[in-house]
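Numbering-wise (the numbering used here), the sequence shown opens with residue 154 and increments by one.
Structure first, then comments.
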Amino acid sequence: MAPRKRNPNGAGSIWQRKDGRYEARVYVPQPDGTRKRKTVYGSTWDECDTKRQELVLRDRQGVPTPTRSARLFEWLPYWLEQFVKDDRKKTTYAKYETHVRLYLIPNIGTKRLENLGAADVRRMLAIVSTQASPATAKESHRVLRSALSAACREELINRNVAKLVPAPRVEHRELKPWDLEQTMTFLEAARGDALYAAFVLAVALGLRRGEVLGLRWSDIDLERRALTVRNQIQRVQNELYADSTKNRRSRVIPLPLMCVPPLRWQRLRQAAQRDAAGADWLGIDYVFTTRTGRTVEPMNLSRSFLRITEVAGLPRIRLHDARHGCATLLFAAGVPARVVMEILGHSQIAVTMNIYTHVSDEHRREAMGHMDRLLKRTK
Numbered sequence: 154m155a156p157r158k159r160n161p162n163g164a165g166s167i168w169q170r171k172d173g174r175y176e177a178r179v180y181v182p183q184p185d186g187t188r189k190r191k192t193v194y195g196s197t198w199d200e201c202d203t204k205r206q207e208l209v210l211r212d213r214q215g216v217p218t219p220t221r222s223a224r225l226f227e228w229l230p231y232w233l234e235q236f237v238k239d240d241r242k243k244t245t246y247a248k249y250e251t252h253v254r255l256y257l258i259p260n261i262g263t264k265r266l267e268n269l270g271a272a273d274v275r276r277m278l279a280i281v282s283t284q285a286s287p288a289t290a291k292e293s294h295r296v297l298r299s300a301l302s303a304a305c306r307e308e309l310i311n312r313n314v315a316k317l318v319p320a321p322r323v324e325h326r327e328l329k330p331w332d333l334e335q336t337m338t339f340l341e342a343a344r345g346d347a348l349y350a351a352f353v354l355a356v357a358l359g360l361r362r363g364e365v366l367g368l369r370w371s372d373i374d375l376e377r378r379a380l381t382v383r384n385q386i387q388r389v390q391n392e393l394y395a396d397s398t399k400n401r402r403s404r405v406i407p408l409p410l411m412c413v414p415p416l417r418w419q420r421l422r423q424a425a426q427r428d429a430a431g432a433d434w435l436g437i438d439y440v441f442t443t444r445t446g447r448t449v450e451p452m453n454l455s456r457s458f459l460r461i462t463e464v465a466g467l468p469r470i471r472l473h474d475a476r477h478g479c480a481t482l483l484f485a486a487g488v489p490a491r492v493v494m495e496i497l498g499h500s501q502i503a504v505t506m507n508i509y510t511h512v513s514d515e516h517r518r519e520a521m522g523h524m525d526r527l528l529k530r531t532k
């Protein structure tokens, strides 16, 4: 029999059982944040001690070691808090939390991690597609795949079954942004609105709604005609806050001449509001504010956009669709795709090419006219 060895406090203990095997018990962290005792066995003292040391090492590294297989309703909230909340944007966390709460836990929450099968995932996707939409099911699939990948990295499971099941096919809605004449009609109708300058920037530069409202005067150089996009304003779970841009990178955009007068007008208008508010003015540096200097609600900007659209008798589109229209107009003007990507702030050029461009009938006819001339020339 091997000589008795002592382990430090918190490192567990080893003893020999009546059946001749060796047994060790160590308190280890659980996926839900609690601590429970885990038991391991070995045919020799050294084999049992090796298993014990592995448990102690995982404990010191903060890696959970479930004493029993965790169920999805236990693992998913833990994953949100430990892996998503501090590493991803608040908007991402809120979206993931919604899918976990409304779709994943109600449909597969009782399944244990290692017992979750491809059939369970397919059944969940079918239910979500029926209850909500294929697009929602596709997003739930992505959330589940990410959560199971984290479980694999933590060595809680050996494979990610979500990767074995294809996400639902989604038919993207056809984008029909305004043409040049419709865009000019909107800008003319918006000229008297308090947020006119914001609409000019959204249409001419393709800024996202949050990026427009996140602009500060320190980000704009009217003399050199340059604008730096650094932040965005978001509202998530009843909280209005400033955040970095979608891809966490700032970008500098040259200002077209048409943007300068509206911005100068906005500065004068805001100065008059500041004088009228007096001590009630909040003193923030944002370009677009309320009468007392507060941050403009993102939904209010969208509501104003829709109201002006209706008054002007234009086809109803989202404010974000004006961003699509900007990309289409830039391409129609012959701007290279790489430059359009930088202006819009995309991380990949495929996004610019596949989603944010719309070829009009006029440009299709023009392209085929070139083909007609080429073929006639060779005839």
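By construction, the Cβ of each residue, glycine as well, lies at the ideal position given by its N, Cα and C atoms.
- The beta carbon of K316 is closer than 7 Å to those of R298 in its chain, skipping five residues each way along the sequence.
- A distance below 8 Å separates the beta carbons of R378 and L408.
- Straight through space, the alpha carbons of A285 and A304 are spaced by roughly 27 Å.
- L380 places its beta carbon less than 8 Å from that of D372.
- In the DSSP secondary-structure assignment, G195 is bridged to Y175.
- The DSSP-derived three-state label of N391 is coil.
- In this structure, the straight-line span from the alpha carbon of S403 to that of M494 is close to 13 Å.
- Of the residues assessed, M452 falls on the exposed side of the cut-off, its CB having fewer than 16 other CB atoms within 10 angstroms.
- In terms of Cα proximity to L266, the closest of R312, F236 and I280 is R312.
- Under the rule that a run must span 4 or more residues, the alpha helix (DSSP H) segments found entirely inside the segment 290–349 read 333–342.
- Annotation: the continuous beta strand (DSSP E) that includes I167 extends over S166 to Q169.
- Here P219 carries a coil assignment [DSSP, helix/strand/coil].
- Ranked by how close their Cα comes to the Cα of E463, the residues Q335, F441 and T443 have Q335 in first place.
- About 16 Å separates the Cβ atoms of L301 and V281, ruling out a contact at the 8 Å cut-off.
- In the three-state reduction of the DSSP assignment, I437 falls in the coil class.
- Of the candidates L269, S222, V413 and Q387, the residue whose Cα lies closest to the Cα of D374 is V413.
- Comparing alpha carbon positions, the residue from L229, A347 and A279 closest to V318 is A279.
- Sequence-distant Cβ neighbours of Q169 in its own chain, meaning closer than 7 Å and more than five residues away, are Y175.
- Judged by pairs of C-beta atoms under 8 Å, the segment 471–479 touches the segment 325–343, as three or more such pairs exist.
- As computed with DSSP, N384 is found in a beta bridge with S397.
- Residue state for A465 is assigned as coil, using DSSP reduced to three classes.
- At the C-beta level, T448 and L482 stay beyond 8 Å of one another.
- In the DSSP assignment, V405 falls within the unbroken beta strand (DSSP E) covering R404 to P407.
- Where C479 is concerned, the enclosing alpha helix (DSSP H) starts and stops at L472 to A485.
- Check the Cα spacing between E376 and each of K243, A177, L410 and N391: the tightest is with L410.
- With a 10 Å radius around the Cβ and a threshold of 16 neighbouring Cβ atoms, Q423 comes out buried.
- About 11 Å separates the Cβ atoms of V181 and R205, ruling out a contact at the 8 Å cut-off.
- Assignment of V281 by DSSP, reduced to helix, strand and coil, places it in the helix class.
- In chain order, R224, L225 and F226 place their CB closer than 7 Å to the CB of G262, counting only its own chain and leaving out the 5 sequence neighbours on each side.
- Here DSSP, grouped into helix, strand and coil, assigns R369 to strand.
- For T445, the closest alpha carbon among the candidates W434, L454 and S455 is that of W434.
- Look at K242 here: in three-state DSSP terms it is coil, with no helix or strand label.
- In this structure, E364 lies away from V389, with their beta-carbon atoms at least 8 Å apart.
- Rounded to whole angstroms, the gap between the alpha carbons of D239 and K399 is 16 Å.
- In the DSSP assignment, Y180 forms a beta bridge with R190.
- It is roughly 10 Å from the alpha-carbon of G431 to the alpha-carbon of A425.
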